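What follows is a short report on a single structure.
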Amino acid sequence: MNAFAELKLIIKLLCLTFLNFLFVLALLGHITTQHVVSSDNLQYISLGRNSLFKDMDTTDNEEALYAEFEKALSKDYQIDGRLGKGAYGQVFKAKCRKDGKTYAIKMLTANNDRYQTRELEALIKLNLLEESKRNFIEYFKAWFLEVGNVQKLCIQMELCWGDLKSFVFKNRQFGPQVTQAQDPQFYQHVFQQILNGLVVIHSIGWVHRDIHPGNILIVNSNPQRISDIHVKIGDFGLARCIGYKGIQFNVSCGKTLHPQLEQCTPAREGDSIYSAPELFTTTYDEKVDLYSAGAVLYFISRYPEENENKWITELKNLIQGKVDINESLVYKDDKKLCSLIKDLRRRNPNERPSASDAKKYMFPEAKDSTDGKKAQKIKFFARKENEDLRTCSLGEFTFSALKAEVERRTRVKASQLRQEDMINCEKMRIVIDDDEDVEKIFENAAQKAQEGRYVVVVVTEKAEEYNTETRQISSGDIMMQSPPDTV
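Here's what the structure looks like:
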């Protein structure tokens, strides 16, 4: 590389660094109580910083704080209880008066905190990536709100119905025996979704730093089958970007350019029992998430235990090497599973696989959405009862993927999906129940779409009684229909 090319590279990197700096400043200093941070327009209106951070939260009475928050939001939202509480904030369930939909609103005391800045930055960046929408909690907007005499940062997000830890122990359909479920196996179905998310977030240079069962969220309520379970990664309060510090120009080495990782500050303590040992030093990378993911994989593949409190003791024993992983797993003969857990839990991060490598090892048939050549997506349409069609696309032809895309576009928590089609000149609806149904429906969809005939899916929020015309029909009987001229 000649000197001119090296200079161009240095200038380019400096420009990228400056742009990132401006982005962080926008997040930190340009949000108002009247204007929101939205991934749709990313517009920020300035508000004096002194007014943002003028008061600290001194409210000790939780009931009084809840009443104040409910009052402050009453114009736009109806509060329906507290979903959770942590060391740095609370999460409320809130119904929006404007659109009638229910969301999760995270409330934090506004302060000049890099963690709040990073959380918003991570949510916005991930929300702009199409491939991340399936694997990360969806972000809608953020704003500052005065609660009593205290400035609060409110973050409106997708409402999920629980976390992985609670689901394993308390789900109504399977009970703790869910880890023994077959066809598909529970751990395979869930962990592949977690790895998909880690592949995406690591591909943009970010690490989550707080992966544990409580931060893996169950999207759908009371799934009836393993294939219905859709999980997303949530809580980005400890997330950060691990970028390059810059280019180190070393003349003594023949003018070679050496990329140097930015020195990391030790993480603020999260659920530290799941954390990689190097996370609390100044030298770590995305492998910290893989160490934590190893504990999650063990949790969802271990032999079911009715006593929830015993899990923490067992995890501590796992860290100390006192647990025989082979004997603790439901699938004792699954050599791949046992080997992957051991590799993910290695104390030396250089010996751990990346998220992409772990996915290729455990699920060799799967492809990363961040690969250079992405899987072909097929266009289809979805709608709620008696509403207009919405354009959708599908690249993974499974029931959970179809359901997630339909819910995302229609803003409905689906209890039933049906394909609307013309059969023997009669409009009928065909129940979509599993992966096999989805594969049949989309088998020739790409070719037929070129002829103007698209798959149309109707979603209902509550299970309905179907008339005798609604029945399972083989894909050979299905005729695709043309959408209206305008959607």
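The sequence shown begins at 1 in UniProt numbering and counts up by one. Beta carbons: idealized from backbone N, C-alpha and C, even for Gly. None of these values were measured; they are calculated from a predicted model.
Assign residue i to one of two classes, buried (16 or more other C-beta atoms within 10 Å of its C-beta) or exposed (fewer than that).
i: E327; result: exposed
i: P364; result: exposed
i: S292; result: buried
i: N309; result: exposed
i: T313; result: exposed
i: T282; result: exposed
i: K245; result: Low confidence applies to K245: its pLDDT is 46, below 50, so where it sits in the model is not reliable, and the reading given next is rough at best. Flag for K245 reads exposed.
i: N215; result: buried
i: K170; result: exposed
i: Q320; result: exposed
i: C154; result: buried
i: G237; result: buried
i: K427; result: exposed
i: E121; result: buried
i: D99; result: exposed
i: A72; result: buried
i: S74; result: exposed
i: D183; result: exposed
i: K448; result: buried
i: D388; result: exposed
Only counting the same chain, and skipping five residues up and downstream in sequence, which positions put a Cβ closer than 8 Å to that of residue i?
i: L337; result: Y187, L297, S301, L329, Y331, M362
i: A445; result: I378, F380, Y454, V455, M480
i: G197; result: S132, N135, F136, K232, I233
i: D228; result: N220, F399, S400, K403
i: V406; result: A382, C392, V412, A414, L417, V457, V459
i: I432; result: F399, L402, L417, R418, Q419, V438, I441, V457
i: D285; result: V207, I242, L261, P349
Does the separation of the CB atoms of residue i and residue j fall below 7 Å?
i: L315; j: I341; result: no
i: M107; j: G81; result: no
i: Q416; j: T460; result: yes
i: P277; j: R172; result: no
i: W143; j: I218; result: no
i: A110; j: K152; result: yes
i: L159; j: T102; result: yes
i: C96; j: Y77; result: yes
i: R240; j: R118; result: yes
i: N127; j: Y115; result: no
i: L164; j: P213; result: yes
i: P304; j: Q177; result: yes
i: V190; j: I242; result: no
i: E68; j: G148; result: yes
Are any of the Cβ atoms in chain D nearer than 7 Å to that of residue i?
i: N127; result: The chain labelled as chain D is not found in the depicted structure, where only one protein chain is given.
Over the uninterrupted alpha helix (DSSP H) stretch that includes residue i, give me the two end residues.
i: W311; result: 310–319
i: Y187; result: 186–203
i: I325; result: 325–328
i: K287; result: 287–299
i: K440; result: 435–441
i: F169; result: 164–170
Starting from residue i, trace the beta strand (DSSP E) both ways and give me its first and last residue.
i: D80; result: 77–85
i: Q156; result: 150–157
i: L217; result: 216–218
i: I341; result: Element bounds for I341: not the beta strand (DSSP E) but the alpha helix (DSSP H), 335–344.
i: I456; result: Reading the sequence as shown, one finds Val at residue 456 and not Ile. Per DSSP, V456 belongs to the beta strand (DSSP E) from 456–460.
i: V231; result: 231–233
Who are the near neighbours of residue i in its chain, counting only those whose CB is closer than 6 Å to its CB and skipping five residues on each side?
i: E70; result: I79
i: residue 575; result: Residue numbering for the chain in the displayed model covers 1 to 487; residue 575 lies beyond these limits and cannot be assessed.
i: A355; result: L195, L198, V199, H202
i: N317; result: V323
i: Q156; result: Y103, I105, F140, K141
i: F167; result: I218
Skipping 5 residues on each side, what residues in its chain have a beta carbon closer than 7 Å to that of residue i?
i: A181; result: F174, I226
i: D435; result: S227, T398, F399
i: T410; result: A382, R383, K384, R390, V459
i: R352; result: K287, L290, Y291, D343, L344, R346
i: L83; result: V91, F92, K93, A104
i: L129; result: V200
i: N222; result: R172, Q173
Note down, one range per segment and in chain order, each beta strand (DSSP E) of at least 3 residues found wholly within the segment 347–426.
-> Listed in chain order, they are 378–384, 390–394, 416–423.
Taking only runs that begin and end inside the segment 93–160, name each unbroken alpha helix (DSSP H) of 4 or more residues, in chain order.
-> Runs of alpha helix (DSSP H) with 4 or more residues, each lying fully within the segment 93–160, are found at 114–127, listed in chain order.
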